[in-house]
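Engineer: Heads up: the sequence shown begins at 1 in the UniProt record's numbering, then just goes up one per residue.
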Amino acid sequence: MEYDNFLHYSRRLQMADALGDVYVNLSALKTAKSRFLFTRSLLSKHQMLTRTLHIQMDYDCPALSANFRQKGNDFFRAKKYVKAVDLYTRCLMGSEPTTECHALALGNRSAAHFHLGHFELCIKDARWAMVTNYPSKLAYKLYERAGNAECMLGLAQRAKDSFTECLKRLDEVDMSAENKRKFRETIEIAITKCDERLEDRKRTKKVPPIEELVGGRNETIPALSAFVELKMTEDMGRGVFATHDINPGDVVAIDEPYICGPISQHTEVCHYNGCLKLDVALFPCPKCFLVYYCNKDCMDKADKDGHYLECPIMDFIKSTPGIPRMNELVMKWFLKDYLKMGLKNYCSAVDNFYQSKIDPKTRGFDENGQYKSDNFLTAYSLDSTEDKLSIDVLFFFNCIAVDLLHYLTLNGFQIPKCDIGTVGASFVHILTVLDMNCRKFNFCAPKIAFQKEIKFTLTIAMTLYPTICLFNHSCDPNVKRSGELSDRVRVMKATQPIPKGTQLFCSYGIIFQGHPKDSRQELLKNRFKFDCYCQPCIKDWSTSQYIPNRLSTLNILNPSMASTVQLECKKFLEFSKSVNPEDYHQHLKYLYSFIKLLFTNVKRPFELYEECLEMIGDAHIMSTNEIISICESPY
Ligand SMILES: C[S@@+](CC[C@H](N)C(=O)[O-])C[C@H]1O[C@@H](n2cnc3c(N)ncnc32)[C@H](O)[C@@H]1O
Numbered sequence: 001m002e003y004d005n006f007l008h009y010s011r012r013l014q015m016a017d018a019l020g021d022v023y024v025n026l027s028a029l030k031t032a033k034s035r036f037l038f039t040r041s042l043l044s045k046h047q048m049l050t051r052t053l054h055i056q057m058d059y060d061c062p063a064l065s066a067n068f069r070q071k072g073n074d075f076f077r078a079k080k081y082v083k084a085v086d087l088y089t090r091c092l093m094g095s096e097p098t099t100e101c102h103a104l105a106l107g108n109r110s111a112a113h114f115h116l117g118h119f120e121l122c123i124k125d126a127r128w129a130m131v132t133n134y135p136s137k138l139a140y141k142l143y144e145r146a147g148n149a150e151c152m153l154g155l156a157q158r159a160k161d162s163f164t165e166c167l168k169r170l171d172e173v174d175m176s177a178e179n180k181r182k183f184r185e186t187i188e189i190a191i192t193k194c195d196e197r198l199e200d201r202k203r204t205k206k207v208p209p210i211e212e213l214v215g216g217r218n219e220t221i222p223a224l225s226a227f228v229e230l231k232m233t234e235d236m237g238r239g240v241f242a243t244h245d246i247n248p249g250d251v252v253a254i255d256e257p258y259i260c261g262p263i264s265q266h267t268e269v270c271h272y273n274g275c276l277k278l279d280v281a282l283f284p285c286p287k288c289f290l291v292y293y294c295n296k297d298c299m300d301k302a303d304k305d306g307h308y309l310e311c312p313i314m315d316f317i318k319s320t321p322g323i324p325r326m327n328e329l330v331m332k333w334f335l336k337d338y339l340k341m342g343l344k345n346y347c348s349a350v351d352n353f354y355q356s357k358i359d360p361k362t363r364g365f366d367e368n369g370q371y372k373s374d375n376f377l378t379a380y381s382l383d384s385t386e387d388k389l390s391i392d393v394l395f396f397f398n399c400i401a402v403d404l405l406h407y408l409t410l411n412g413f414q415i416p417k418c419d420i421g422t423v424g425a426s427f428v429h430i431l432t433v434l435d436m437n438c439r440k441f442n443f444c445a446p447k448i449a450f451q452k453e454i455k456f457t458l459t460i461a462m463t464l465y466p467t468i469c470l471f472n473h474s475c476d477p478n479v480k481r482s483g484e485l486s487d488r489v490r491v492m493k494a495t496q497p498i499p500k501g502t503q504l505f506c507s508y509g510i511i512f513q514g515h516p517k518d519s520r521q522e523l524l525k526n527r528f529k530f531d532c533y534c535q536p537c538i539k540d541w542s543t544s545q546y547i548p549n550r551l552s553t554l555n556i557l558n559p560s561m562a563s564t565v566q567l568e569c570k571k572f573l574e575f576s577k578s579v580n581p582e583d584y585h586q587h588l589k590y591l592y593s594f595i596k597l598l599f600t601n602v603k604r605p606f607e608l609y610e611e612c613l614e615m616i617g618d619a620h621i622m623s624t625n626e627i628i629s630i631c632e633s634p635y
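Laid out in structure tokens, this is it:
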């Protein structure tokens with residue numbers, strides 16, 4: 001992985017002529033705790049720890065900002081909305097987010113956006129204004145405007161909620177009784193229209209199929225199918241193996257993330273760990289303005305999970321070197337478990353982890369012999385890069401952990417001296433677990449502008465799925481992610497036949513067709529720190545351009561099936577020419593039967609096999625193409 005500012009700490013020590021034997025001394029330390037404490041005292045000794053959490057923000061003089069808003073209003077009245085937006089933006093840049101002037105500028109800008117037809121931006125500004133210092137007797141206007149903009153975008157439920165809130169706010173408004181009555185009537189009509197739309201949608205909405213694990217739930221690992229088991233192998237450690245024949249299309253895992261968070265603050269993804277929904281207009285935490293939520297419920301839940309403890313230090317966490325999102329996840333993870341277990345239990349769980357001799361096969365299983373994705377120790381004992389990191393990276397991770405813990409304590413977090421080493425070491429460990437296992441959560445959709453014809457994949461979040469992490473990697477995976485790309489719950493389906501006794505593999509982001517063996521090995525070594533022992537690597541399968549293609553090079557394993565296979569391959573060639581990729585999912589039965597035929601009868605790699613495999617993988621993935629429906633429909 002690429003780390004931001006990797007030399008941040010070492011360079012500063014070097015400048016103080018203090019880097020000397022740091023790496024040698026750190027290597028000599030045997031425990032994670034002592035390494036953390038060593039790093040902490042080093043950074044403290046050389047005054048590398050932040051002294052204050054106070055940030056001096058440079059805002060222009062308020063009068064100037066107010067002036068920009070007034071000018072913006074003049075342009076607004078003259079219907080010059082683009083110019084008005086520009087001036088409101090200047091006002092926003094120059095005023096403190098907690099002031100009324102800032103809130104009013106947001107409200108005014110939302111109105112200008114509405115007139116320009118920029119409905120998403122209008123909603124965004126209105127929602128921001130709602131959580132800031134906007135005068136409460138004017139708030140009804142924000143809700144009315146948001147409701148109208150939401151109607152324009154087809155967000156019927158959201159519009160209904162806004163209009164309903166608008167009515168509630170009407171009591172505070174200075175308006176004649178007659179005007180109030182008329183206004184109320186208009187809003188009530190708008191609500192009725194929303195209800196009609198919602199009813200309509202209910203009638204026409206396609207209900208996605210409910211996925212079920214093949215054979216039911218596994219007794220000891222409930223996120224896996226009952227048709228698999230965990231086994232140890234010499235070259236890959238634990239792995240998931242089939243106990244029954246598994247067919248393409250069978251669901252083998254349904255997992256939820258232990259911890260997750262959006263990749264960047266602009267990805268339109270709710271930051272609450274249990275949500276991650278895409279939304280056209282998130283609103284910020286009204287205190288730090290650095291994390292975003294789709295509704296108040298998510299905001300309250302995130303606070304309960306510990307956001308209130310990280311809120312005052314969010315800016316510092318975000319600017320810590322390393323991988324900013326990962327650092328944020330470390331803090332989120334710690335706070336969530338600290339609040340759940342209390343510091344004492346957290347520290348004893350971490351200490352036990354280091355002290356106990358862990359059986360490699362059953363690590364992560366609880367006292368009842370269950371492996372559960374929502375269990376702290378299950379996630380904490382996932383394979384990590386901790387023992388595989390070079391000493392400079394290990395030092396870097398320790399420095400990040402020192403900084404993160406320092407911000408917390410500087411903000412008043414009480415931690416007994418004897419627990420500092422344990423908590424700090426746990427931060428380093430969590431970083432290494434995330435480093436090894438965090439999966440990108442991709443989303444394939446048109447951008448928020450709803451240009452339906454433009455499709456691209458956007459990586460929106462980082463997620464840790466403890467059970468899916470049990471799958472080893474193969475450059476020829478037989479299991480792939482399936483379902484709606486924006487789903488937080490991840491479904492894994494077989495894409496190839498998996499006979500009883502065979503290992504299930506997913507891909508850690510690289511497949512044999514695209515890269516020659518050497519570059520795959522190098523990539524996996526650099527990124528995940530292991531030498532890959534998958535079949536394509538061991539047997540050095542050829543990449544795309546050299547794969548035996550078409551019927552001329554068909555290598556039949558079972559001669560008695562030669563004519564059937566030839567005939568089916570010809571049919572498949574016709575099929576691939578005549579069917580559009582968007583329609584593959586309608587032909588899954590056929591694709592499954594073709595791949596099953598080839599699986600037992602032809603030698604791989606073979607172009608038609610690989611082509612069919614790709615079609616199946618594509619057909620398993622869905623993308624509603626509608627961010628609208630994502631933010632409105634609960635999972
Ligand atoms: C995400 S974990 C997979 C589960 C792991 N085997 C366990 O015991 O928990 C990734 C680790 O599994 C092993 N591994 C996965 N795929 C492998 C492969 N193709 N070849 C060799 N080792 C592999 C490596 O040790 C790697 O660090």
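The beta-carbon is built from N, C-alpha and C at its ideal position, and this holds for glycine as well.
Given the structure is predicted, the values throughout are model-derived calculations rather than measurements.
Hey, would you say the C-beta of Ser-474 is under 7 angstroms away from at least one heavy atom of ligand 1?
Structural biologist: In the sequence shown, residue 474 corresponds to position 474, counting from 1. Flag set: Cβ of Ser-474 near ligand 1.
Engineer: Check the C-beta distance from Asp-403 over to Leu-343 and give it rounded, since I have them as a contact under 8 angstroms.
Structural biologist: What you label residue 403 is simply residue 403 of the sequence shown in a count that begins at 1. What you label residue 343 is simply residue 343 of the sequence shown in a count that begins at 1. Between Leu-343 and Asp-403 the Cβ distance is about 20 angstroms, and since that is not below 8 angstroms, they are no contact.
Engineer: Is Arg-490 close to ligand 1? I mean its beta-carbon at under 7 angstroms from any heavy atom of the ligand.
Structural biologist: What you label residue 490 is simply residue 490 of the sequence shown in a count that begins at 1. For ligand 1, not one heavy atom lies less than 7 angstroms from the Cβ of Arg-490.
Engineer: Out of Asp-303, Thr-233, Thr-600, point me to the one whose CA is closest to Tyr-533's CA.
Structural biologist: What you label residue 533 is simply residue 533 of the sequence shown in a count that begins at 1. The shortest C-alpha separation from Tyr-533 is found at Thr-233.
Engineer: Ligand 1 heavy atoms versus the CB of Tyr-88: any closer than 7 angstroms?
Structural biologist: As a first step, residue 88 must be located in the sequence shown, where it is residue number 88. Answer for Tyr-88: no, Cβ out of range of ligand 1.
Engineer: Helix, strand or coil, according to DSSP, for Leu-608 in the structure here?
Structural biologist: Residue mapping note: residue 608 aligns to position 608 of the sequence shown, counting from 1. Helix.
Engineer: CA-CA distance, Met-314 and Leu-329?
Structural biologist: For the purposes of this step, residue 314 is taken as residue 314 along the sequence shown, with counting starting at 1. For the purposes of this step, residue 329 is taken as residue 329 along the sequence shown, with counting starting at 1. Their Cα atoms are separated by approximately 12 angstroms.
Engineer: Rounded to a whole number of angstroms, what is the C-alpha to C-alpha distance between Asn-269 and Cys-260?
Structural biologist: Locating residue 269 in the sequence shown gives position 269, where the first residue counts as 1. Locating residue 260 in the sequence shown gives position 260, where the first residue counts as 1. Before going on, a small fix: residue 269 reads as Val here, not Asn. About 11 angstroms.
Engineer: Examine ligand 1 and report whether any of its heavy atoms sits within less than 7 angstroms of the Cβ of Met-326.
Structural biologist: The sequence position of residue 326 within the sequence shown is 326, counting from 1. No, ligand 1 has no heavy atom inside 7 angstroms of this Cβ.
Engineer: Beta carbon of Tyr-407, beta carbon of Ile-468: below 8 angstroms?
Structural biologist: Residue numbering aside, residue 407 sits at position 407 when the sequence shown is read from its first letter. Residue numbering aside, residue 468 sits at position 468 when the sequence shown is read from its first letter. Cβ distance not < 8 angstroms, so Tyr-407 and Ile-468 don't count as in contact.
Engineer: State the start and end residues of the unbroken alpha helix (DSSP H) segment that holds Glu-522.
Structural biologist: As a position in the sequence shown, residue 522 is number 522, starting the count at 1. Counting along the chain, the alpha helix (DSSP H) containing Glu-522 begins and ends at 517 to 528.
Engineer: Near Arg-158, what residues of its chain come up, given a Cβ to Cβ distance below 6 angstroms and the 5 sequence neighbours on each side ignored?
Structural biologist: For the purposes of this step, residue 158 is taken as the residue at position 158 of the sequence shown. Taken in chain order, the residues that qualify are Glu-150.
Engineer: Give a yes or no on whether the C-beta atoms belonging to Asp-618 and Tyr-584 are separated by under 8 angstroms.
Structural biologist: Locating residue 618 in the sequence shown gives position 618, where the first residue counts as 1. Locating residue 584 in the sequence shown gives position 584, where the first residue counts as 1. Going by C-beta atoms, Asp-618 is nearer than 8 angstroms to Tyr-584.
Engineer: Using the C-alpha atoms, what's the distance from Phe-505 back to Phe-241?
Structural biologist: Here residue 241 refers to the residue found at position 241 when the sequence shown is read from its first residue. Here residue 505 refers to the residue found at position 505 when the sequence shown is read from its first residue. Looking at the two C-alpha atoms, the distance is approximately 9 angstroms.
Engineer: Just the Cα atoms here: how many angstroms apart are Leu-597 and Ile-246?
Structural biologist: Here residue 597 corresponds to residue number 597 of the sequence shown, with the count starting at 1. Here residue 246 corresponds to residue number 246 of the sequence shown, with the count starting at 1. Approximately 14 angstroms, taken between the alpha carbons.
Engineer: Spatial neighbours of residue 637 within its chain, please: CB distance less than 6 angstroms, with the 5 preceding and 5 following residues excluded, ordered by chain position.
Structural biologist: This structure does not reach residue 637, given that the chain is present from 1 up to 635, and the question cannot be answered.
Engineer: From what residue to what residue does the alpha helix (DSSP H) around Gly-72 run?
Structural biologist: As a first step, residue 72 is located in the sequence shown; it is residue number 72 there, counting from the start. That run of the alpha helix (DSSP H) goes 62 to 77.
Engineer: Which runs of the beta strand (DSSP E) at least 3 residues long sit entirely within the segment 251 to 326? Give them in chain order.
Structural biologist: Segments of the beta strand (DSSP E) lying fully in the segment 251 to 326: 251 to 255, 259 to 262.
Engineer: Within a Cβ cutoff of 6 angstroms, which residues of the same chain sit near Val-350, ignoring the five residues on either side of it in sequence?
Structural biologist: Numbered from 1 along the sequence shown, position 350 holds the residue referred to as residue 350. Correct list, in chain order: Thr-422, Ser-426.
Engineer: For Thr-39 and Ala-16, what's the separation of their Cα atoms in angstroms?
Structural biologist: Position 39 of the sequence shown, counted from the start, is the residue given in the question as residue 39. Position 16 of the sequence shown, counted from the start, is the residue given in the question as residue 16. One C-alpha to the other measures close to 15 angstroms.
Engineer: Please classify Lys-447: is it buried, with 16 or more other beta-carbons within 10 angstroms of its beta-carbon, or exposed?
Structural biologist: As a working note, residue 447 is residue 447 in the sequence shown. Bear in mind that a pLDDT of 46 at Lys-447, under 50, signals an unreliable position, so the number given afterwards is only what the model happens to contain. Exposed, since its Cβ has fewer than 16 Cβ neighbours within 10 Å.
Engineer: Mapping DSSP to helix, strand and coil, what is Glu-219?
Structural biologist: As a working mapping, residue 219 is identified with position 219 in the sequence shown. If DSSP states are grouped into helix, strand and coil, Glu-219 belongs with coil.
Engineer: How is the alpha helix (DSSP H) around Leu-87 delimited, first residue to last?
Structural biologist: Counted from its first residue, the sequence shown places residue 87 at position 87. Residues 81 to 94.
Engineer: Near Cys-288, which residues of its chain fall below 6 angstroms by C-beta distance, leaving aside the five closest residues on each side in sequence?
Structural biologist: For the purposes of this step, residue 288 is taken as residue 288 along the sequence shown, with counting starting at 1. If we look at Cys-288 and ignore the five residues flanking it on each side, its Cβ neighbours are Cys-311, Met-314.
Engineer: Have a look at Thr-409, Ile-430, Lys-372, Ser-390 and flag the residue whose alpha-carbon is nearest the alpha-carbon of Asp-383.
Structural biologist: If you number the sequence shown from 1, residue 383 lands on position 383. Of the candidates Thr-409, Ile-430, Lys-372, Ser-390, the one whose C-alpha sits nearest the C-alpha of Asp-383 is Ile-430.
Engineer: Relative to the alpha-carbon of Val-280, which residue among His-271, Leu-389, Cys-294 has its alpha-carbon at the smallest distance?
Structural biologist: Taking the first residue of the sequence shown as position 1, residue 280 is located at position 280. Measuring from the Cα of Val-280, the nearest candidate turns out to be Cys-294.
Engineer: Can you tell me where the alpha helix (DSSP H) with Val-565 in it begins and where it stops?
Structural biologist: Counting from one through the sequence shown, the residue named residue 565 turns up at place 565. Where Val-565 is concerned, the enclosing alpha helix (DSSP H) stretches over 562 to 578.
Engineer: Tell me which residue opens and which closes the beta strand (DSSP E) that Ser-348 is part of.
Structural biologist: Residue 348 sits at position 348 when you count from the first residue of the sequence shown. It is not in any beta strand (DSSP E) - Ser-348 instead sits in the alpha helix (DSSP H) that spans 343 to 355.
Engineer: Let me check you understand the geometry: is the CB of Leu-49 closer than 7 angstroms to at least one non-hydrogen atom of ligand 1?
Structural biologist: For the purposes of this step, residue 49 is identified with residue 49 of the sequence shown, where counting begins at 1. No - ligand 1 has no heavy atom lying nearer than 7 angstroms to the Cβ of Leu-49.
Engineer: I believe Lys-493 touches Val-479 by the beta-carbon criterion, under 8 angstroms. Please report the beta-carbon distance rounded to the nearest angstrom.
Structural biologist: Position 493 of the sequence shown, counting from 1, holds the residue named residue 493. Position 479 of the sequence shown, counting from 1, holds the residue named residue 479. Indeed they touch by this definition, with Cβ atoms about 7 angstroms apart.
Engineer: Can you find at least 3 beta carbon pairs, one from the segment 128 to 148 and one from the segment 99 to 117, that sit closer than 8 angstroms?
Structural biologist: Yes, the segment 128 to 148 touches the segment 99 to 117.
Engineer: Can you tell me the Cα-Cα spacing of Val-207 and Lys-417, whole angstroms?
Structural biologist: Here residue 207 is taken as the residue at index 207 of the sequence shown, counted from 1. Here residue 417 is taken as the residue at index 417 of the sequence shown, counted from 1. In a straight line, the C-alpha of Val-207 is about 54 angstroms away from that of Lys-417.
Engineer: Is the beta carbon of Ile-556 closer than 8 angstroms to that of Val-491?
Structural biologist: For the purposes of this step, residue 491 is taken as residue 491 along the sequence shown, with counting starting at 1. For the purposes of this step, residue 556 is taken as residue 556 along the sequence shown, with counting starting at 1. Going by C-beta atoms, Val-491 is not nearer than 8 angstroms to Ile-556.
Engineer: Could you tell me whether the Cβ atoms of Gly-215 and Ala-223 are closer together than 8 angstroms?
Structural biologist: Working through the sequence shown from its first residue, we reach residue 215 at position 215. Working through the sequence shown from its first residue, we reach residue 223 at position 223. Cβ atoms of Gly-215 and Ala-223: not closer than 8 angstroms.
Engineer: For a test of the three-state rule: what should DSSP assign to Thr-457, helix, strand or coil?
Structural biologist: Along the sequence shown, read from residue 1 onward, the residue named residue 457 stands at position 457. Residue state, collapsed to three classes: strand.
Engineer: Look at the Cβ atom of Ile-511, then the Cβ atom of Cys-475, and state whether they are nearer than 8 angstroms.
Structural biologist: Position 511 of the sequence shown, counted from the start, is the residue given in the question as residue 511. Position 475 of the sequence shown, counted from the start, is the residue given in the question as residue 475. Result yes, Cβ atoms of Ile-511 and Cys-475 sit closer than 8 angstroms.
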